[in-house]
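Participant: First the structure, which I've put down as C-alpha coordinates, then a few questions once you've had a look.
Written out as C-alpha coordinates, the structure reads:
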(Lines of atoms letter the chains of each structure in order from A and count residues from 1; the text may use other names and numbers.)
(Lines give C-alpha, C1' and ligand atoms only; values in the text may rest on other atoms or scores of the structure.)
Protein backbone atom coordinates (compact mmCIF):
# COMPACT_ATOMS: atom_id res chain seq x y z
CA UNK A 1 0.00 0.00 0.00
CA UNK A 2 1.44 3.40 -1.01
CA UNK A 3 2.01 6.11 1.57
CA UNK A 4 -0.22 9.21 1.57
CA UNK A 5 0.74 12.08 -0.72
CA UNK A 6 2.12 14.98 1.34
CA UNK A 7 2.94 18.59 0.53
CA UNK A 8 6.61 17.59 0.50
CA UNK A 9 5.84 15.01 -2.21
CA UNK A 10 4.16 17.70 -4.31
CA UNK A 11 7.17 20.01 -3.95
CA UNK A 12 9.50 17.17 -4.93
CA UNK A 13 7.27 16.47 -7.94
CA UNK A 14 7.57 20.09 -9.07
CA UNK A 15 11.36 19.94 -8.60
CA UNK A 16 11.68 16.62 -10.56
CA UNK A 17 13.00 14.92 -7.40
CA UNK A 18 10.74 11.83 -7.31
CA UNK A 19 11.23 8.43 -8.91
CA UNK A 20 8.91 7.07 -11.60
CA UNK A 21 6.81 4.94 -9.23
CA UNK A 22 6.17 7.82 -6.84
CA UNK A 23 5.47 10.17 -9.76
CA UNK A 24 2.70 7.85 -10.96
CA UNK A 25 1.17 7.81 -7.47
CA UNK A 26 1.34 11.61 -7.25
CA UNK A 27 -0.25 12.07 -10.69
CA UNK A 28 -3.04 9.68 -9.74
CA UNK A 29 -3.61 11.76 -6.59
CA UNK A 30 -3.66 14.99 -8.61
CA UNK A 31 -6.13 13.54 -11.11
CA UNK A 32 -8.54 13.01 -8.19
CA UNK A 33 -7.84 16.35 -6.50
CA UNK A 34 -8.37 19.25 -8.94
CA UNK A 35 -7.50 21.96 -6.39
CA UNK A 36 -4.14 20.38 -5.60
CA UNK A 37 -3.54 19.81 -9.30
CA UNK A 38 -4.25 23.45 -10.08
CA UNK A 39 -1.70 24.57 -7.46
CA UNK A 40 0.91 22.15 -8.80
CA UNK A 41 0.34 23.39 -12.34
CA UNK A 42 0.80 26.97 -11.12
CA UNK A 43 4.07 25.96 -9.42
CA UNK A 44 5.24 24.20 -12.58
CA UNK A 45 4.46 27.31 -14.62
CA UNK A 46 6.49 29.47 -12.23
CA UNK A 47 9.36 26.96 -12.29
CA UNK A 48 9.45 26.86 -16.09
CA UNK A 49 9.20 30.64 -16.35
CA UNK A 50 12.13 31.00 -13.96
CA UNK A 51 14.21 28.53 -15.96
CA UNK A 52 13.35 30.36 -19.19
CA UNK A 53 14.16 33.75 -17.70
CA UNK A 54 17.62 32.50 -16.67
CA UNK A 55 18.52 31.26 -20.17
CA UNK A 56 21.92 32.23 -21.57
CA UNK A 57 20.55 34.67 -24.14
CA UNK A 58 19.08 37.02 -21.51
CA UNK A 59 21.11 39.92 -20.06
CA UNK A 60 22.96 39.07 -16.90
CA UNK A 61 21.04 40.43 -13.90
CA UNK A 62 22.90 42.45 -11.25
CA UNK A 63 25.07 40.58 -8.74
CA UNK A 64 22.72 41.65 -5.97
CA UNK A 65 19.96 39.67 -7.61
CA UNK A 66 22.18 36.57 -7.79
CA UNK A 67 22.99 36.96 -4.10
CA UNK A 68 19.29 37.25 -3.31
CA UNK A 69 18.58 34.15 -5.38
CA UNK A 70 21.30 32.27 -3.48
CA UNK A 71 19.77 33.22 -0.16
CA UNK A 72 16.39 32.15 -1.48
CA UNK A 73 17.76 28.78 -2.62
CA UNK A 74 19.31 28.11 0.78
CA UNK A 75 16.09 29.07 2.47
CA UNK A 76 14.10 26.71 0.28
CA UNK A 77 16.03 23.77 1.71
CA UNK A 78 13.76 24.14 4.75
CA UNK A 79 10.80 22.91 2.76
CA UNK A 80 8.45 22.07 5.57
CA UNK A 81 9.06 25.40 7.32
CA UNK A 82 9.13 27.56 4.21
CA UNK A 83 6.32 25.99 2.19
CA UNK A 84 4.19 29.06 1.67
CA UNK A 85 7.17 31.43 1.48
CA UNK A 86 8.52 29.30 -1.37
CA UNK A 87 5.62 30.18 -3.64
CA UNK A 88 5.59 33.85 -2.70
CA UNK A 89 9.36 34.22 -3.10
CA UNK A 90 9.34 32.49 -6.47
CA UNK A 91 6.71 34.89 -7.78
CA UNK A 92 8.63 37.91 -6.45
CA UNK A 93 11.86 36.69 -8.05
CA UNK A 94 10.07 36.09 -11.36
CA UNK A 95 8.56 39.57 -11.34
CA UNK A 96 11.96 41.10 -10.53
CA UNK A 97 13.67 39.27 -13.36
CA UNK A 98 10.84 40.19 -15.71
CA UNK A 99 11.14 43.90 -14.97
CA UNK A 100 14.92 43.79 -15.35
CA UNK A 101 14.78 42.05 -18.73
CA UNK A 102 11.99 44.39 -19.85
CA UNK A 103 14.04 47.46 -18.99
CA UNK A 104 17.08 46.09 -20.82
CA UNK A 105 15.79 44.45 -23.99
CA UNK A 106 11.98 44.31 -23.75
CA UNK A 107 11.90 40.51 -23.79
CA UNK A 108 9.00 40.34 -21.40
CA UNK A 109 6.62 42.42 -23.52
CA UNK A 110 3.69 40.22 -24.51
CA UNK A 111 1.50 41.08 -27.46
CA UNK A 112 -2.27 40.67 -27.18
CA UNK A 113 -2.21 37.80 -29.66
CA UNK A 114 0.51 35.97 -27.70
CA UNK A 115 -1.33 36.45 -24.42
CA UNK A 116 -4.55 34.91 -25.73
CA UNK A 117 -5.18 31.28 -24.75
CA UNK A 118 -3.87 28.65 -27.14
CA UNK A 119 -5.90 25.54 -27.78
CA UNK A 120 -4.29 22.26 -26.67
CA UNK A 121 -3.05 20.09 -29.54
CA UNK A 122 -5.57 17.36 -28.74
CA UNK A 123 -8.43 19.72 -29.69
CA UNK A 124 -7.10 19.84 -33.25
CA UNK A 125 -6.87 16.03 -33.22
CA UNK A 126 -10.49 15.86 -32.02
CA UNK A 127 -11.62 18.12 -34.88
CA UNK A 128 -9.77 15.96 -37.43
CA UNK A 129 -11.32 12.81 -35.95
CA UNK A 130 -14.77 14.40 -36.09
CA UNK A 131 -14.34 15.26 -39.77
CA UNK A 132 -13.02 11.77 -40.50
CA UNK A 133 -16.08 10.27 -38.81
CA UNK A 134 -18.33 12.36 -41.06
CA UNK A 135 -16.49 11.05 -44.12
CA UNK A 136 -16.79 7.45 -42.88
CA UNK A 137 -20.52 7.91 -42.33
CA UNK A 138 -20.97 8.98 -45.96
CA UNK A 139 -19.17 5.89 -47.34
CA UNK A 140 -21.22 2.74 -47.76
CA UNK A 141 -18.04 0.64 -48.00
CA UNK A 142 -16.85 1.58 -44.50
CA UNK A 143 -18.26 -0.68 -41.76
CA UNK A 144 -19.37 0.84 -38.48
CA UNK A 145 -18.89 -0.62 -34.99
CA UNK A 146 -21.67 0.54 -32.72
CA UNK A 147 -21.02 -2.03 -29.99
CA UNK A 148 -18.20 -1.35 -27.58
CA UNK A 149 -16.96 -2.50 -24.19
CA UNK A 150 -15.66 0.26 -21.91
CA UNK A 151 -13.64 -2.19 -19.81
CA UNK A 152 -12.05 -3.73 -22.90
CA UNK A 153 -11.13 -0.30 -24.27
CA UNK A 154 -9.51 0.87 -21.04
CA UNK A 155 -7.63 -2.44 -20.77
CA UNK A 156 -6.30 -2.25 -24.33
CA UNK A 157 -5.64 1.49 -24.64
CA UNK A 158 -5.59 2.90 -21.10
CA UNK A 159 -8.38 5.30 -22.10
CA UNK A 160 -11.38 5.51 -19.81
CA UNK A 161 -14.65 6.49 -21.49
CA UNK A 162 -17.44 8.14 -19.48
CA UNK A 163 -20.84 6.50 -19.06
CA UNK A 164 -23.24 8.05 -21.58
CA UNK A 165 -26.84 9.19 -21.03
CA UNK A 166 -29.33 6.38 -21.63
CA UNK A 167 -31.09 8.20 -24.45
CA UNK A 168 -27.88 8.57 -26.47
CA UNK A 169 -27.33 6.07 -29.29
CA UNK A 170 -23.77 5.13 -30.22
CA UNK A 171 -23.42 4.91 -34.00
CA UNK A 172 -19.72 4.12 -34.38
CA UNK A 173 -16.63 3.61 -32.21
CA UNK A 174 -13.11 3.55 -33.65
CA UNK A 175 -9.64 3.35 -32.10
CA UNK A 176 -7.07 5.55 -33.82
CA UNK A 177 -3.38 6.32 -33.26
CA UNK A 178 -2.65 9.74 -31.79
CA UNK A 179 0.46 11.87 -31.37
CA UNK A 180 0.93 10.60 -27.79
CA UNK A 181 -0.45 7.06 -27.96
CA UNK A 182 -4.01 5.95 -28.65
CA UNK A 183 -7.30 7.75 -29.16
CA UNK A 184 -10.94 6.71 -29.32
CA UNK A 185 -13.55 8.41 -31.52
CA UNK A 186 -17.24 7.83 -30.77
CA UNK A 187 -20.07 8.99 -33.03
CA UNK A 188 -23.28 9.50 -31.08
CA UNK A 189 -26.86 10.36 -32.04
CA UNK A 190 -28.73 12.46 -29.48
CA UNK A 191 -32.30 13.69 -29.36
CA UNK A 192 -31.63 17.32 -28.46
CA UNK A 193 -28.08 17.97 -29.69
CA UNK A 194 -28.04 16.08 -32.97
CA UNK A 195 -24.98 14.06 -33.94
CA UNK A 196 -21.95 14.46 -31.68
CA UNK A 197 -18.40 13.14 -31.65
CA UNK A 198 -16.75 12.22 -28.36
CA UNK A 199 -12.97 12.11 -28.67
CA UNK A 200 -10.73 10.66 -25.95
CA UNK A 201 -6.94 10.41 -26.13
CA UNK A 202 -3.74 9.93 -24.19
CA UNK A 203 -1.56 13.05 -23.86
CA UNK A 204 2.03 13.33 -22.72
CA UNK A 205 1.67 16.31 -20.36
CA UNK A 206 -0.18 15.91 -17.07
CA UNK A 207 -2.83 18.61 -16.69
CA UNK A 208 -6.28 19.28 -15.27
CA UNK A 209 -8.54 21.40 -17.50
CA UNK A 210 -12.18 22.10 -16.71
CA UNK A 211 -14.65 21.86 -19.64
CA UNK A 212 -13.82 24.74 -21.99
CA UNK A 213 -15.54 25.78 -25.22
CA UNK A 214 -13.90 26.35 -28.61
CA UNK A 215 -15.57 27.62 -31.78
CA UNK A 216 -14.61 26.61 -35.33
CA UNK A 217 -16.08 27.49 -38.73
CA UNK A 218 -19.04 25.11 -38.72
CA UNK A 219 -18.70 23.24 -35.43
CA UNK A 220 -18.24 23.81 -31.74
CA UNK A 221 -16.18 21.78 -29.28
CA UNK A 222 -15.97 21.47 -25.53
CA UNK A 223 -12.70 20.01 -24.27
CA UNK A 224 -11.35 18.99 -20.89
CA UNK A 225 -8.43 17.03 -19.42
CA UNK A 226 -8.03 14.78 -16.41
CA UNK A 227 -4.40 13.90 -15.72
CA UNK A 228 -2.99 12.40 -18.91
CA UNK A 229 -6.35 11.72 -20.55
CA UNK A 230 -7.95 14.40 -22.73
CA UNK A 231 -11.52 14.60 -24.03
CA UNK A 232 -13.44 16.70 -26.56
CA UNK A 233 -17.12 16.80 -27.48
CA UNK A 234 -17.66 18.12 -31.02
CA UNK A 235 -20.87 18.96 -32.89
CA UNK A 236 -23.10 21.65 -34.34
CA UNK A 237 -25.23 22.27 -31.25
CA UNK A 238 -24.91 25.49 -29.25
CA UNK A 239 -21.78 25.92 -27.17
CA UNK A 240 -23.79 26.40 -23.98
CA UNK A 241 -25.78 23.19 -24.49
CA UNK A 242 -22.65 21.17 -25.27
CA UNK A 243 -20.84 22.59 -22.25
CA UNK A 244 -23.69 21.51 -19.97
CA UNK A 245 -23.34 17.99 -21.34
CA UNK A 246 -19.55 18.04 -20.93
CA UNK A 247 -19.88 19.19 -17.32
CA UNK A 248 -22.14 16.20 -16.70
CA UNK A 249 -19.70 13.77 -18.38
CA UNK A 250 -16.45 15.04 -16.84
CA UNK A 251 -17.17 14.22 -13.14
CA UNK A 252 -17.82 10.59 -14.11
CA UNK A 253 -14.12 10.24 -14.92
CA UNK A 254 -12.78 11.34 -11.51
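Numbering (my numbering), first residue to last: 6 to 259. Don't be surprised by glycine CBs; every beta carbon is placed ideally from N, CA and C.
(1) On the criterion of 16 or more Cβ atoms from any shown chain inside 10 Å, does residue 225 qualify as buried, or is it exposed?
(2) So, at 7 Å on beta carbons, what are the nonlocal neighbours of residue 39 in its own chain, with the 5 sequence-adjacent residues on each side left out?
(3) Which whole runs of the alpha helix (DSSP H) in the region 9-42 are 4 residues long or more, in chain order?
(4) For residue 138 versus residue 202, is the C-beta spacing smaller than 8 Å?
(5) Out of curiosity, what's the CA-to-CA distance linking residue 180 and residue 21?
(6) Using the beta-carbon count (16 or more within 10 Å), is residue 131 buried or exposed?
(7) Alpha carbon to alpha carbon, how far is residue 173 from residue 218? Give it in angstroms, no decimals.
(8) For residue 127, which residues in the same chain have their Cβ closer than 6 Å to its Cβ, ignoring the five residues on either side in sequence?
(9) Please report the straight-line C-alpha distance between residue 211 and residue 35, rounded to a whole angstrom.
(10) With 16 other CB atoms within 10 Å as the buried threshold, where does residue 216 fall?
(11) For residue 149, which three-state DSSP category applies?
(12) What does DSSP give as the partner residues of residue 218 in its beta bridges?
(13) For residue 232, count neighbouring Cβ atoms within 10 angstroms of its own Cβ and tell me buried if that reaches 16, exposed if not.
(14) Cβ atoms of residue 169 and residue 189: under 8 Å apart, would you say?
(15) Measure from the alpha carbon of residue 239 to the alpha carbon of each residue in 204, 230 and 125, then state which is nearest.
(16) Between residue 41 and residue 143, what straight-line distance do the alpha-carbon atoms span, to the nearest angstrom?
(17) From this set, 241, 229 and 230, which residue's C-alpha is nearest residue 221's C-alpha?
(18) On the CB-based measure, 16 or more other CB atoms within 10 Å of its CB, does residue 9 come out buried or exposed?
(19) How should residue 57 be labelled, buried or exposed, when 16 other C-beta atoms within 10 angstroms of its C-beta is the threshold for buried?
(20) In terms of residues, what are the limits of the alpha helix (DSSP H) holding residue 157?
(21) Within this structure, are the beta carbons of residue 151 and residue 177 separated by less than 8 Å?
(22) Quick one: using the 10 Å Cβ neighbour count with 16 as the cut-off for buried, is residue 251 buried or exposed?
(23) Does the Cβ-Cβ distance between residue 227 and residue 248 come in under 8 Å?
(24) Using DSSP with H/G/I as helix, E/B as strand and the rest coil, what is residue 256?
(25) Give the secondary structure of residue 205 by DSSP, where H, G and I count as helix, E and B as strand, and everything else as coil.
(26) Provide the residue span of the beta strand (DSSP E) that contains residue 134, from first to last.
Facilitator: According to the structure shown:
(1) That one is buried.
(2) Hits under 7 Å: 213.
(3) 12-19 and 25-36
(4) yes
(5) When rounded, the distance between both Cα atoms is 33 Å.
(6) buried
(7) 21 Å
(8) 206, 208 and 235
(9) 9 Å
(10) buried
(11) coil
(12) 227
(13) Residue 232 is buried by the Cβ-count criterion.
(14) no
(15) 204
(16) Residue 41 and residue 143 have their alpha carbons spaced roughly 45 Å apart.
(17) 241
(18) Counting the other CB atoms within 10 Å of its CB gives residue 9 a total below 16, which places it among the exposed residues.
(19) Taking all protein chains shown into account, residue 57 has fewer than 16 neighbouring C-beta atoms within 10 Å of its C-beta and is therefore exposed.
(20) 155-162
(21) yes
(22) buried
(23) yes
(24) Correct three-state label for residue 256: helix.
(25) For residue 205, the secondary structure class from DSSP, reduced to helix, strand or coil, is strand.
(26) From DSSP, residue 134 is part of no beta strand (DSSP E) but of the alpha helix (DSSP H) over 126-142.
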